[in-house]
């Protein structure tokens with residue numbers, strides 16, 4: 001606010017509250033395509049495993065985004081049997097997982113419920129919440145059988161992955177598990193086909209209900225496995241600081257990645273390095289072309305979580321929503337990016353108790369960063385976010401990209 005020529009920087013707490021309010025309004029008022037992901041995503045009942053993941057098509061591997069239609073996946077010859085007959089799996093660091101116990105876990109039984117009590121699960125299984133949830137999602141999606149995955153290497157990787165998440169308020173293994181759960185929910189529940197523009201851009205009324213299938217029915221099994229893996233990996237080794245902070249501090253990661261998507265590049269590179277270890281390589285049963293395609297998809301999904309790309313992805317999605325063709329690889333890629341983005345910022349759509357916990361946690365992490373910023377005298381312009389944040393979400397999301405410069409500050 002300008003008073004007598006002086007710029008008043010609003011307190012950081014005010015900025016955070018406004019950000020949360022704006023995010024909530026984004027998820028509940030954005031018209032057209034986004035409504036399918038947020039306000040009106042209300043399935044009639046929880047689908048069964050057979051309903052959700054039966055006969056997934058498999059796309060032809062490769063890194064191109066052409067207009068190829070999915071083809072049926074051929075059986076994979078495994079190098080090491082992925083049998084789940086042995087109920088006790090012990091990782092290289094000595095952590096034991098009882099798959100029989102996991103299959104009968106009451107908390108994990110709610111994996112298809114939007115109100116999954118993630119904090120209760122984390123309180124009971126603090127060090128293994130991510131690996132336990134990933135196992136449940138992969139089992140529900142039948143990925144162990146389809147790809148003949150080794151349970152030992154699977155648990156080696158995902159337990160090592162969750163150990164690499166810092167014990168910080170928000171960007172921790174619980175957040176990774178929550179994003180994975182969001183991706184699973186958004187792909188396994190039937191949704192209405194995407195719709196075109198409504199007669200009134202500000203209308204909050206949902207479009208007429210139509211019969212629909214889950215997004216997973218249009219994705220290949222390789223794409224699903226890549227999406228779920230990327231969700232678990234997407235904030236690996238997060239230091240609890242933003243990209244803007246790391247760039248201003250001339251952090252070694254910012255220098256390594258030339259100030260571009262610093263954290264997202266770091267998460268992707270380091271978690272993939274972890275996957276390459278022989279004892280962790282649970283995707284070793286994929287052939288070279290499948291491995292190349294899997295890596296391409298995982299990297300694309302993780303990099304899509306950079307908020308600097310938010311407006312470009314949203315605008316592209318809104319433009320294509322009325323003519324989305326999920327037989328098209330590029331459209332499926334765009335859809336999956338929207339899924340992981342929605343899952344990454346899902347808390348305003350959760351029951352209030354869950355939303356409040358996530359809000360408290362992100363506020364705490366922001367405040368800790370602010371204290372560090374003052375100590376290190378890093379005066380990058382955070383207040384620009386507050387000054388440029390518009391509460392009219394329709395105008396906000398459809399402004400020209402060059403006029404909305406908040407992404408680089410988040």
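Numbering (UniProt numbering), first residue to last: 1 to 410.
All residues carry an ideal CB built from backbone N, CA and C; glycine is no exception.
A quick note: this is a predicted structure, and the numbers were derived from the prediction, not measured.
Helix, strand or coil for residue i? Go by DSSP, reduced to three states.
i, result
"residue 88", "strand"
"residue 127", "coil"
"residue 178", "helix"
"residue 351", "coil"
"residue 288", "helix"
"residue 96", "strand"
"residue 361", "helix"
"residue 151", "helix"
"residue 302", "helix"
"residue 135", "helix"
"residue 140", "helix"
"residue 330", "helix"
"residue 297", "helix"
"residue 156", "helix"
"residue 112", "coil"
"residue 344", "helix"
"residue 170", "coil"
Examine the ligand ADP and report whether any of its heavy atoms sits within less than 7 Å of the Cβ of residue i.
i, result
"residue 246", "Absence of the ligand ADP from the depicted structure is noted, as is the absence of any ligand whatsoever, leaving it without description."
For residue i versus residue j, is the C-beta spacing smaller than 8 Å?
i, j, result
"residue 130", "residue 176", "yes"
"residue 151", "residue 111", "no"
"residue 161", "residue 233", "yes"
"residue 240", "residue 365", "yes"
"residue 235", "residue 270", "no"
"residue 312", "residue 92", "no"
"residue 291", "residue 283", "yes"
"residue 324", "residue 335", "yes"
"residue 165", "residue 361", "no"
"residue 281", "residue 153", "yes"
"residue 224", "residue 342", "no"
"residue 266", "residue 253", "yes"
"residue 261", "residue 308", "yes"
"residue 145", "residue 219", "no"
"residue 350", "residue 114", "yes"
"residue 226", "residue 294", "yes"
"residue 306", "residue 264", "yes"
Taking just the CA atoms, how far does residue j sit from residue i?
i, j, result
"residue 102", "residue 121", "12 Å"
"residue 163", "residue 317", "35 Å"
"residue 96", "residue 244", "39 Å"
"residue 273", "residue 123", "29 Å"
"residue 127", "residue 133", "12 Å"
"residue 135", "residue 178", "14 Å"
"residue 116", "residue 180", "12 Å"
"residue 107", "residue 184", "15 Å"
"residue 389", "residue 156", "Residue confidence is low: residue 389 scores 37 on pLDDT, short of 50, so the model does not pin down where it sits. No coordinate-derived value is stated."
"residue 259", "residue 104", "46 Å"
"residue 287", "residue 357", "42 Å"
"residue 375", "residue 228", "38 Å"
"residue 188", "residue 369", "36 Å"
"residue 340", "residue 139", "20 Å"
"residue 442", "residue 372", "Missing from the structure shown is residue 442; the chain here goes from 1 to 410 and no further."
"residue 5", "residue 344", "In this prediction, residue 5 has a pLDDT of 45, which is less than 50 and means its spatial position is unreliable; what the coordinates show is noted afterwards. Cα-Cα distance, rounded: 39 Å."
"residue 214", "residue 168", "34 Å"
"residue 310", "residue 304", "8 Å"
"residue 212", "residue 300", "27 Å"
"residue 246", "residue 174", "23 Å"
I'd like to confirm the pairing. Which residues does DSSP put opposite residue i in its beta bridges?
i, result
"residue 101", "Its beta-bridge partners do not exist; DSSP assigns none."
"residue 190", "214"
Continuous alpha helix (DSSP H) assignments of at least 4 residues falling wholly in the stretch 207-281:
221-233, 243-248, 252-256, 262-275
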